[in-house]
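Chemist:
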Amino acid sequence: MSELVSGLVPADRLQDLTHDDITRYSRQLLLAEIGIEGQKKLKGAKVLIVGTGGLGAPLALYLAAAGVGTLGLVDFDCVDVSNLHRQIIHGSRDVGRPKVASARDRIRALNPLVDVVTYNEPLKSDNALDIIREYDVVADGTDNYVTRYLVNDACVLLGKPNVYGSVFQFEGQASVFYAKHGPCYRCLYREPPPPGLVPSCAEGGVLGILPGVIGMIQANEVIKLLVGGGDPLIGRLLLYDAWKMKFRELKLERDPECPVCSEHPTITELVDYESFCRIGAKPDEAPVESISATELKRRFDENKPVQVIDLREPHERAYFKFPNAKVIPLGQVIRRMDELNPAVDTVFVCKIGQRSILAIRNLRGAGYQGKMMNLLDGVQGWIREVDPSAKQI
Amino acid sequence: MSVSILIPSALRAFTDRKSEVEAEGATVGEALAALAETYPDLKHQIYEDDTKLRGFVNVFVDGNNIKKLNGLDTPVKPDAVVTIVPAIAGGF
Ligand SMILES: [Zn+2]
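Protein sequences appear in the order of chains A and B.
Numbering-wise, the first sequence is residues -6 to 386 according to the numbering used here.
Numbering-wise, the second sequence is residues 759 to 850 according to the numbering used here.
(1) What residues from chain B crowd round A:Gly387, counting only those whose CB sits closer than 9 Å?
(2) DSSP on B:Glu780, reduced to helix/strand/coil?
(3) Determine the closest residue to A:Ala336 out of A:Ile260, A:Ile27, A:Ala311, A:Val299, with distance taken between C-alpha atoms.
(4) For A:Asp380, which option in A:Gly47, A:Asp123, A:Phe269, A:Lys290 has the closest C-alpha, if you only look at C-alpha atoms?
(5) Does A:Tyr142 pass the burial test, meaning 16 or more other C-beta atoms within 10 Å, or should it be called exposed?
(6) Mind checking who A:Gln166 pairs with in its DSSP beta bridge?
(7) Name the chain A residues that come within less than 9 Å of B:Gly829, Cβ to Cβ?
(8) DSSP three-state label for A:Glu242, please.
(9) Under 9 Å between C-beta atoms, does B:Ala768 make it to chain A?
(10) Relative to the C-alpha of A:Ile321, which residue among A:Ala311, A:Glu332, A:Phe313 is closest?
(11) Between A:Arg229 and ligand 3, is the CB less than 8 Å from at least one heavy atom?
(12) May I ask which residues mark the beginning and end of the alpha helix (DSSP H) holding A:Val(-2)?
(13) Using only the alpha-carbon positions, how far apart do B:Pro844 and A:Asp13 sit?
(14) Please enumerate, following chain order, all residues with a beta carbon closer than 7 Å to at least one heavy atom belonging to ligand 1.
(15) In the segment 106 to 186 of chain A, which residue ranges form an unbroken beta strand (DSSP E) of at least 3 residues, counting only runs that do not cross its ends?
(16) DSSP on B:Ser762, reduced to helix/strand/coil?
(17) Could you name the residues that DSSP lists as bridge partners for A:Gln351?
(18) Does chain A have any CB closer than 9 Å to the CB of B:Tyr805?
(19) Indicate whether the contact test is met: 3 or more Cβ pairs, each with one atom in the segment 146 to 165 of chain A and one in the segment 173 to 180 of chain A, closer than 8 Å.
(20) Considering only residues of the same chain and omitting the five flanking positions on each side of A:Arg97, which have a CB-CB separation below 6 Å?
(21) Confirm, please, whether the CB-CB distance from A:Arg17 to A:Gly60 is below 9 Å.
(22) Taking Cβ to Cβ, would you say A:Val88 is nearer than 9 Å to A:Asp73?
(23) Is there contact between the segment 129 to 138 of chain A and the segment 154 to 165 of chain A, where contact requires at least three CB pairs shorter than 8 Å?
(24) Could you pull the start and end residues of the beta strand (DSSP E) that A:Met365 belongs to?
(25) A:Phe313 CB to nearest chain B CB: under 9 Å?
(26) Leaving out five residues on either side along the sequence, give the residues of the same chain with a beta carbon under 8 Å from the beta carbon of A:Asn367.
(27) Looking at the secondary structure, which residues open and close the alpha helix (DSSP H) in which B:Lys810 lies?
(28) Pull up the CB-CB distance for B:Leu793 and B:Ile824, whole angstroms please, since I reckon it's below 8 Å.
(29) With distances taken from CA atoms, which of B:Gly821, B:Asp837, B:Glu795, B:Val840 is nearest A:Glu242?
(30) Which chain A residues are close to B:Lys826, counting only those with a beta carbon under 7 Å from its beta carbon?
(31) A:Ser168 touches chain B at which residues, Cβ-Cβ below 7 Å?
(32) Evaluate contact between the segment 216 to 229 of chain A and the segment 26 to 33 of chain A, counting only Cβ atoms and requiring at least three cross-stretch pairs below 8 Å.
(33) Can the beta-carbon of A:Pro185 be found closer than 9 Å to that of A:Phe170?
(34) In angstroms, rounded to a whole number, what distance separates the CA positions of A:Asn104 and A:Asp234?
(35) Using a Cβ-Cβ cut-off of less than 7 Å, list which residues of the segment 66 to 97 of chain A approach chain B; keep chain order.
(36) For the beta strand (DSSP E) holding A:Phe269, just list the boundary residues, first then last.
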């Protein structure tokens, strides 16, 4: 029988249910697809959740509630108050604590029958195989490409399913990457975006509910893989747009030239993911010149000619209006290049000084000849150095 | 021939916040080129050079990845739905 039908929990870990188990999980035991046999599999199961943030929170809570016997949690971060609008496993009293400790306490309060194993450290090439090897299923709730490629490759190498979820602003993706039965993450995305091309998560924002929805879809897929049966999200990419309230499904296929899961892989052990994720950064590209907030202020005070372009979106400017700036959002700079005067030095401003670098590179590529500078650390730098009374977001 | 192109959240800053854009073209490549002409700032985000899409950008026509079809030369029927699906990393 295929493991997708029989479930991924080894037979030697199955134990009888106790009276407490039967009482607690009675509503789930009533489901023919789960029943006593399925619940025993959940009890014997070991699931690793990488990241205890927006996706990890619902994953951990629902899997604990459903009676998954062992949950491994990997995270090296501490709880910040700005996490709480989405990371519902943590509370206000947990601010400053390690996320894995806070999550463990909450899981224990919810279901003391669950064993929690915490790894208060980043997942790296030198520990990933040893950690992941112990588990039946891995759920990826990380927030960066370095760890996503690492989790993917480690899962492929160890033959484990990688239950994937990812979110940005109002949009989420979910799939099950399981190279034994379908494509892996690399089959879909050959490489990450070059550094600086895509606004970082901290700049882009996210609706708190979104990782909740996607994390729960991941939890649902984990349960099916453990118990067996149903239609796992293998070879399918689910897209969810929370603002339009639309789900779409796309077909995913294996890439016969995938570097890690194809028949002749070029990646046969874990690699250096930091440097892999720097590919596409062009080292030969001329560096972008920067100007500090203090220096820009001096130019203003001395009435030296300078044109300032604020690249932020209208809602970001509502928090802080940048002085003497002309507004051209990042997404329009090339189209509106004619509005810049190449005879005058131009300083580009964004929230943290990343989009400004991208804008300068794009304008250079589009043939703009004037002198361009990036305001170091963006509006955050300006507030820190020049205008500390302003409100920071 | 007009097809609709679905723009993901991550790229809407480059399409005046539009989530769906109509574009003319008989192939996926032609439709995307028309889109890039209307929104030149988008072009650099999704294309590596004039002919190749970036490695983190996938394009699907009516639910199927163009990598498995004819790439950018994949023909599009009228009323086809072209979906741009870039990698996103957030899980935070
Ligand atoms: Zn693969």
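In this text, a Cβ means the ideal position worked out from N, Cα and C, and glycines have one as well.
Modeler: Well, looking at it:
(1) Given a span of -6 to 386 for chain A in the structure shown, any question on residue 387 of chain A remains unanswerable.
(2) Mapped onto the second sequence, residue 780 of chain B falls at position 22. The answer is strand: DSSP assigns B:Glu780 an E or B state.
(3) Numbered from its first residue, the first sequence carries residue 336 of chain A at position 343. The shortest Cα separation from A:Ala336 among A:Ile260, A:Ile27, A:Ala311, A:Val299 belongs to A:Val299.
(4) Residue 380 of chain A sits at position 387 when you count from the first residue of the first sequence. Taking only the C-alpha atoms, the option nearest A:Asp380 is A:Lys290.
(5) By one-based count along the first sequence, residue 142 of chain A stands at place 149. Looking at its Cβ environment, which holds 16 or more other Cβ atoms inside 10 Å, A:Tyr142 is buried.
(6) Position 173 of the first sequence holds residue 166 of chain A. For A:Gln166, which the question treats as bridged, DSSP gives the partners A:Ser159, A:Leu232.
(7) The residue labelled residue 829 of chain B in the question sits at position 71 within the second sequence. The premise fails here: B:Gly829 is roughly 13 Å from chain A at the closest Cβ pair, so nothing lies under 9 Å.
(8) Position 249 of the first sequence, counted from the first residue, corresponds to residue 242 of chain A. Here A:Glu242 sits in strand by DSSP.
(9) In the second sequence, the residue the question calls residue 768 of chain B occupies position 10. Answer yes: the Cβ-Cβ gap between B:Ala768 and chain A drops below 9 Å somewhere.
(10) Stepping through the first sequence from its first residue, residue 321 of chain A is reached at position 328. Checked all of A:Ala311, A:Glu332, A:Phe313; the closest Cα to A:Ile321 is A:Glu332.
(11) As presented, the structure is devoid of ligand 3, carrying ligand 1 as its sole ligands.
(12) Counting from 1 along the first sequence, the entry for residue -2 of chain A is found at position 5. Note, A:Val(-2): alpha helix (DSSP H), -4 to -1.
(13) Here residue 844 of chain B corresponds to residue number 86 of the second sequence, with the count starting at 1. Here residue 13 of chain A corresponds to residue number 20 of the first sequence, with the count starting at 1. So the alpha carbons of these two residues sit roughly 46 Å apart.
(14) A:Val149, A:Ala172, A:Pro176, A:Cys177, A:Arg179, A:Cys180, A:Arg247, A:Asp248, A:Cys251, A:Val253, A:Cys254, A:Ser255
(15) 108 to 112, 130 to 133, 155 to 161, 164 to 170
(16) Mapped onto the second sequence, residue 762 of chain B falls at position 4. In this structure, B:Ser762 counts as strand in the three-state DSSP scheme.
(17) Numbered from its first residue, the first sequence carries residue 351 of chain A at position 358. Per the sequence presented here, residue 351 of chain A reads as Leu, with Gln not at that position. According to DSSP, A:Leu351 bridges with nothing at all.
(18) Here residue 805 of chain B corresponds to residue number 47 of the second sequence, with the count starting at 1. Chain A contact via Cβ: absent.
(19) yes
(20) The residue labelled residue 97 of chain A in the question sits at position 104 within the first sequence. For A:Arg97, where only same-chain residues beyond five positions count, the Cβ hits under 6 Å are Val109, Thr111.
(21) Here residue 60 of chain A refers to the residue found at position 67 of the first sequence. Here residue 17 of chain A refers to the residue found at position 24 of the first sequence. Contact: yes.
(22) On the first sequence, position 95 is the one that residue 88 of chain A refers to. On the first sequence, position 80 is the one that residue 73 of chain A refers to. Their beta carbons are under 9 Å apart, which means A:Val88 touches A:Asp73 by this criterion.
(23) yes
(24) Taking the first residue of the first sequence as 1, we reach residue 365 of chain A at position 372. Run containing A:Met365: 365 to 368, per the beta strand (DSSP E) assignment.
(25) On the first sequence, position 320 is the one that residue 313 of chain A refers to. Chain B, which has no Cβ nearer than 9 Å to the Cβ of A:Phe313, makes this no.
(26) For the purposes of this step, residue 367 of chain A is taken as residue 374 along the first sequence, with counting starting at 1. So the list reads Val281, Glu282, Ser283, Ile284, Val340, Phe341, Gly346, Ser349, Ile350, Ile353, once near-sequence residues are dropped.
(27) As a first step, residue 810 of chain B must be located in the second sequence, where it is residue number 52. Looking at the DSSP string, B:Lys810 is not in any alpha helix (DSSP H), and its letter there is neither H nor E.
(28) Indexing the second sequence from 1 puts residue 793 of chain B at position 35. Indexing the second sequence from 1 puts residue 824 of chain B at position 66. Actually they are not in contact, since the Cβ atoms of B:Leu793 and B:Ile824 sit about 14 Å apart, beyond 8 Å.
(29) By one-based count along the first sequence, residue 242 of chain A stands at place 249. Looking at the Cα atoms, B:Gly821 is the closest of the given residues.
(30) Numbered from 1 along the second sequence, position 68 holds the residue referred to as residue 826 of chain B. Simply Glu246.
(31) Mapped onto the first sequence, residue 168 of chain A falls at position 175. The contacting residues do not exist; A:Ser168 stays about 11 Å from chain B at best.
(32) yes
(33) Numbered from its first residue, the first sequence carries residue 185 of chain A at position 192. Numbered from its first residue, the first sequence carries residue 170 of chain A at position 177. No, they are not a contact pair.
(34) Taking the first sequence and counting its residues from 1, the one referred to as residue 104 of chain A is at position 111. Taking the first sequence and counting its residues from 1, the one referred to as residue 234 of chain A is at position 241. Taking the straight line from one Cα to the other gives about 32 Å.
(35) none
(36) Numbered from 1 along the first sequence, position 276 holds the residue referred to as residue 269 of chain A. Where A:Phe269 is concerned, there is no enclosing beta strand (DSSP E), although the alpha helix (DSSP H) it sits in stretches over 266 to 269.
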